[in-house]
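Structure first, then comments.
What follows is the structure in C-alpha cells.
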C-alpha cells in the first residue's frame, strides 16, 4: 500500500468513526466497496427469492382479507429488492450482473427461503418469525455507514412492520381456531423456529467478517447479539399464542436478563448455505425460468422505446 | 438468446403533498419515460407517499465531485456577514 492510500484509509476510518455517511462517489477502500456490493446484492436477492415461498399460497389464501394482505406483502418484497439493487448499483455493478450472479448460483441469498411452505400456517409463521428476524437486522442497518444502503433500509423498515403483523394475525387466527388449526400453527412454528434463528448467521466466533464489519459500521451489532434480541422479543409472543417453541433448553435466565436457548444445528445451516436445502434447486429453477422467459418482453420494451424515440427525432429533424 | 440491452436507470422525485418540494426517493430501471413513471407509481407511492412525481433519466443528472467539496463550498464558511446575527443592533430594538 502506498503512503497516499494509507492516508486515505486513515481518513476514511476517521470519517466512519465520526459517524459520517459514506456516499457512492466518495473515496472508499476497495474492500469496503466489494463487501457492500456482496452484502447489498445478497440482501436484494433474498427479497426477490423470498417472494417464491409466499407466492405459493396467494391463490389458496383462505379468504379475501388474507389474500389482499399477502398480495401486498409479496408486492412489497419486489419493491424492497428493487430499492436494494438500486443501492448496490451506485457502487458500479449493473443490475444484470447481479441477476447473472444469482441465476448462475454464484450469489447467496437468505437460506430461510430454501425451506418449503407446506401449509397456510407457514405464511403466518414466515410473517411473524422470518420478517420479525429480518426487522431486527434491518433496523440496525438503517444506521449503517453507507448512505444509499441506510436510506433503502429506512424505507424498507417502514413497510416491513405490516408484514410481521399480518403474519402474527394469521397465527392468532389459527391458534385460537379448531384443534386442527392450532396444530397447523404449532407445526409451522416447529419447522420455522430454528431456521429463523439461523437467519442471523454463524456464531460470532465463527464469523470472520464481523470484526471488520463492525469497524466500518456496516454492522452495529454482532450475529449473536441480534439473535438473542430476537429470541427475547419472540418468546412472549409465542406464549401469547399458546404455542410451544421447539427448544427444551429454552429458559429465562434471571441473572443474564435473557433467555438461554439450545444448540443450533450448524451442520444443517451449512448444508443449506451450500445448496443442499430442501428447496435450493427449486428456487433457482423458478428464478431462471422467470428471467429467461421474460427476456423477450424486456427486449421488446427496449426495442419499442428505441423506435419511439427515433420517430420523435425524425419528426423534429 | 439475443444480446439483451439493460433498461436505462431513472431517478424518482416525489412531492409528498401540495406546497412541498419534490424530493429524491430512489431510482429504477425502465425502457422509456412512460414506463418509468408507471413503475415509479407502483414502487414508490404504494402508500400515499405523494401527489406528484418527477422522473429524470439518471445520465442527465450532473453531480459535483466530493473531492471538489472544499473548492465549491468552503468559500461560504468565512462570510459571516451574510447572516443577520453579524450585525450589531441595540437589544431594546424590537421587530428587526
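Chains as they are written, first to last, in our numbering: chain W, 138 to 454; chain P, 2 to 97. Using N, Cα and C, we set each Cβ at its ideal position, and we do this for glycine too.
Inter-residue spacing [alpha-carbon to alpha-carbon] between residue 266(W) and residue 76(P): Cα-Cα distance, rounded: 53 Å.
Uninterrupted alpha helix (DSSP H) stretches inside the region 340-377 of chain W (no shorter than 4 residues): Taking 4 residues as the minimum length, the alpha helix (DSSP H) runs contained wholly in the region 340-377 of chain W are 347-352, in order along the chain.
Minimum length 3: unbroken beta strand (DSSP E) runs contained in the region 363-443 of chain W: Note on the region 363-443 of chain W: whole beta strand (DSSP E) runs with a minimum of 3 residues are 388-390, 395-397, in chain order.
Per-residue contacts from residue 53(P) into chain W (C-beta, under 7 Å): Under the 7 Å cutoff, chain W gives no residues; its nearest Cβ is about 19 Å from residue 53(P).
Three or more C-beta pairs below 8 Å linking the region 229-247 of chain W and the region 338-354 of chain W: Output reads no: the region 338-354 of chain W does not touch the region 229-247 of chain W.
Residue 44(P) to residue 21(P) span [Cα, whole Å]: Using only the alpha carbons, I get a separation of about 21 Å.
Residues sharing a beta bridge with residue 11(P), DSSP: Paired residues: 29(P), 58(P).
Burial state of residue 393(W) (16 or more Cβ within 10 Å): Per the 10 Å Cβ criterion, exposed.
Rounded straight-line distance, which links the Cα of residue 275(W) to that of residue 173(W): Whole-angstrom Cα-Cα distance: 15 Å.
Within-9 Å CB hit, residue 71(P) to chain W: Closer than 9 Å: no.
Beta-carbon separation (whole angstroms), residue 467(W) vs residue 179(W), contact threshold 8 Å: Chain W is shown from 138 up to 454; residue 467(W) falls before or after that span and cannot be answered.
CB contact below 9 Å: residue 164(W) versus chain P: Yes - at least one Cβ of chain P is within 9 Å of the one on residue 164(W).
Between the CA atoms of residue 422(W) and residue 2(P) - distance to the nearest angstrom: The pLDDT assigned to residue 2(P) is 43, lower than 50, so where the model puts this residue is not dependable; a value taken from the coordinates is nonetheless given after this. Taking the straight line from one Cα to the other gives about 18 Å.
Interface flag, residue 318(W) vs chain P, CB-CB below 9 Å: It does not: the Cβ of residue 318(W) has no partner Cβ on chain P nearer than 9 Å.
Contact belief for residue 211(W) with residue 424(W) at Cβ below 8 Å, rounded distance in angstroms: Actually they do not touch by this definition, with Cβ atoms about 15 Å apart.
Alpha-carbon to alpha-carbon, residue 25(P) and residue 227(W): When rounded, the distance between both Cα atoms is 15 Å.
Through-space distance from residue 391(W) to residue 414(W), alpha-carbon basis: Approximately 37 Å, taken between the alpha carbons.
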